[in-house]
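Student: Supplied in structure tokens, the structure appears directly below.
In our numbering, the protein residues as written are 15 to 147.
This is the structure in structure tokens:
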């Protein structure tokens, strides 16, 4: 890694106020290893080894999904969010949702709705014709 990305290592050392000659003297080997092996996402070492931030991974996944290249099977793990989405309770009497509803059930609910209120002129009752114009 040092041979392939030595300039990135030097850049990160300079950003932290150290020079290569400080390794082993003002900068312990443990500290140097921490700089190289656990770099922050905005460091030269991180970018030099091809590191991607979590945001970049999520954006790439979203773009691939939108283009139909992949199908996401589960939620992306993240703190504070349950692994599985909560199951929403469905109200069987609610027909203004986007849930699938069999035609027979829709017709039954429509008829029950119109039975509760008297018909008024101009009110559409159903697909049947009420005479020729």
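Using N, Cα and C, we set each Cβ at its ideal position, and we do this for glycine too.
#1: Curious, which full-length alpha helix (DSSP H) runs of at least 4 residues does the stretch 17-83 contain?
#2: Could you give the distance in angstroms between the alpha-carbon of residue 45 and the alpha-carbon of residue 31?
#3: I'd like to check one pair, residue 29 with residue 59: are the Cβ atoms closer than 7 Å?
#4: For a test of the three-state rule: what should DSSP assign to residue 125, helix, strand or coil?
#5: By alpha-carbon positions, which one of 62, 125, 93, 120 ends up nearest to residue 20?
#6: Are there 16 or more other CB atoms within 10 angstroms of the CB of residue 18, so buried, or fewer, so exposed?
#7: Does residue 115 come out as helix, strand or coil in the three-state DSSP assignment?
#8: Give the DSSP-derived three-state secondary structure of residue 88 in the structure shown.
#9: Assuming residue 89 contacts residue 95 (C-beta within less than 8 Å), just tell me the rounded distance between them.
#10: Cβ of residue 67 within 7 Å of Cβ of residue 75?
Tutor: Reading it off the structure:
#1: 43-51, 58-62, 68-80
#2: 13 Å
#3: no
#4: helix
#5: 62
#6: exposed
#7: coil
#8: coil
#9: 7 Å
#10: no
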